[in-house]
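Residue numbers (the working numbering): 799 to 1278.
Quick look at the structure:
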């Protein structure tokens, strides 16, 4: 017994020392123990996959598209599936003629049951009104989607079109700006225009190139002189047709319209307004270099050009594919608050929306968010030929800002844009009226340029003929 009592203090000390050693080793090798005891994160797995909210779900998403617009599968499907491998994507084509017929499209929707829709603006407006689209406001809030990073007027337009609710988003938009050949301004000593430039200021600047051997201004309307008259007038707030007590009347014989006619006709006669020949495309296909050689603005023979965001894409292509060397920039065009052509300053070709009857709303939202939230651009580095103007201005930062910033700086009014869209939706005969107005105006404008009639006689003639068109349409039950 004494012997055992005598050894017990040593056993106690040994036990204490063992605990100390174990604790010390535990602290020393704490990293290894953490790896052994805790879940190990494979560093080879991309962060996007580790954070995949759909990882525990097997989902098949059916995506709608119209024939001939099937870029989705090549530009969006693959990068999304890489990030969400548990999701399968199938494509379904709607009949081509249903893109302008909401009732036909709805019948197709109810039969095919797509989860995500790719809609033109007219269908987005109608489907939202019919309750066929799912509101995404709650998704935006719960997923902390940065809606403020999107071009605000575009979001406002989509919300307005949804009656105050947001039912879809777009990854890009279209607009119009003034393209400037800075080299020609420097060469002929003409001050470069600045800021939001008015139509009057554009015409004054263009006229300064008279007699230089180059033209001052071109536009995508220039092959039809009346179209540029109409564009300038509408941007200044002038109307060709007005509503008086529910009856439509022609209003093209005003003093303001006459002034626009006079300036444009004079510009063509004096040579500072360009009227280039149409670009000829070869039957075997034209290269970008072939097109570039026929583009007078890109060739340095025109100082300014009014054109849309797709021409911005062309200019980028000229530089990368045709070797264009030109100092160019863009300026925002200032429009009157009552301008009646604001859809030319703000529109979008595709609105991504979720079918209200989908059973895969979470996955559909993840796809919609991927397309419009910036991840798609980062993952696939989409070509500018697909998205000339991103709805997220930050996606444009890799390009020279003086060439694209203007498209984001117009004073466009989303409410007015929606009013224009709605006008044609409610009364399709307006399209026919505008088509006849353009046809009439083109012929009469050509007579002015040929010196056969004066501007006063021209607008009077157009006024009378347009009144006849409006009366005929009213009798047929269209515009009253």
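The C-beta atom is built at its ideal place from N, Cα and C for all residues, glycine as well.
| Asked | Found |
| --- | --- |
| Range of the contiguous beta strand (DSSP E) that encloses residue 1103 | 1100-1106 |
| Length of the line joining the Cα atoms of residue 1024 and residue 924 | 33 angstroms |
| The ligand SAH heavy atom lying under 6 angstroms from the CB of residue 1003 | Only the bare structure without any ligand can be found here, which leaves the ligand SAH out of the picture. |
| Residue interval of the beta strand (DSSP E) (run including residue 1258) | Element bounds for residue 1258: not the beta strand (DSSP E) but the alpha helix (DSSP H), 1253-1273. |
| Close beta carbons around residue 1089, own chain, < 7 angstroms, minus the five adjacent residues each side | 1077 |
| N-terminal and C-terminal residue of the beta strand (DSSP E) that residue 1150 is part of | 1149-1152 |
| Length at least 4, wholly inside the segment 914-978: the alpha helix (DSSP H) runs in chain order | 919-927, 935-940 and 950-959 |
| Residue environment, residue 968, which counts as buried when at least 16 other CB atoms sit within 10 Å | buried |
| Runs of beta strand (DSSP E) lying entirely within the segment 1003-1051, each at least 3 residues, in chain order | 1013-1017, 1039-1042 and 1045-1048 |
| DSSP state of residue 860 mapped onto helix, strand, coil | strand |
| Secondary structure of residue 1196, DSSP reduced to three states | coil |
| The alpha helix (DSSP H) enclosing residue 1242, as first and last residue numbers | 1227-1247 |
| Proximity below 7 angstroms, CB of residue 1026 to CB of residue 1062 | yes |
| Cβ distance (whole Å) where residue 1071 is taken to contact residue 1054 below 8 angstroms | The pair is not a contact, with the Cβ atoms about 19 angstroms apart (cut-off 8 angstroms). |
| Between the CA atoms of residue 913 and residue 961 - distance to the nearest angstrom | 22 angstroms |
| Burial state of residue 1201 (16 or more Cβ within 10 Å) | buried |
| Extent of the continuous alpha helix (DSSP H) run through residue 881 | 876-881 |
| Close beta carbons around residue 1056, own chain, < 6 angstroms, minus the five adjacent residues each side | 1253 and 1257 |
| CB contact flag (residue 1104, residue 976, <7 angstroms) | yes |
| Integer-rounded CB distance, given that residue 1231 should sit under 8 angstroms from residue 1141 | Between residue 1231 and residue 1141 the Cβ distance is about 16 angstroms, and since that is not below 8 angstroms, they are no contact. |
| Member of 891, 1082, 993 and 1136 whose CA lies at the smallest distance from the CA of residue 909 | 891 |
| Residues near residue 860 in its chain [Cβ-Cβ closer than 6 angstroms; skip 5 each side] | 888, 890, 912 and 913 |
| Under the three-state DSSP convention, the category residue 988 falls into | coil |
| Neighbourhood of residue 1290 by C-beta, 7 angstroms cutoff - its chain only, sequence neighbours within 5 removed | Here the chain has residues from 799 to 1278 only, and residue 1290 is not among them. |
| DSSP-derived helix/strand/coil call for residue 887 | strand |
| Local conformation of residue 1126 per DSSP, three classes | strand |
| Same chain only: Cβ atoms within 6 angstroms of residue 1251, ignoring 5 sequence neighbours per side | 1245 |
| Cβ pair count under 8 angstroms reaching 3, the segment 1109-1124 against the segment 983-997 | no |
| Whole-angstrom distance between residue 1013 and residue 1004, CA atom to CA atom | 7 angstroms |
| Cβ-Cβ separation, residue 1164 to residue 882 (assumed contact under 8 angstroms), whole Å | 7 angstroms |
| Check whether residue 1313 and residue 931 have beta carbons under 7 angstroms apart | Nothing can be reported for residue 1313: it is not among the residues displayed for the chain, which extend from 799 to 1278. |
| Span separating the alpha-carbon of residue 840 from that of residue 1015 | Here residue 840 scores only 41 on pLDDT, less than 50, and its place in the model should not be relied on; the value that follows carries that caveat. One C-alpha to the other measures close to 60 angstroms. |
| Close beta carbons around residue 851, own chain, < 7 angstroms, minus the five adjacent residues each side | 1164 |
| Contact check, residue 1210 vs residue 1131, beta carbons under 7 angstroms | no |
| For residue 1168, the nearest candidate out of 1117, 863 and 945 (CA to CA) | 945 |
| Boundaries (first-last residue) of the alpha helix (DSSP H) holding residue 1170 | 1159-1170 |
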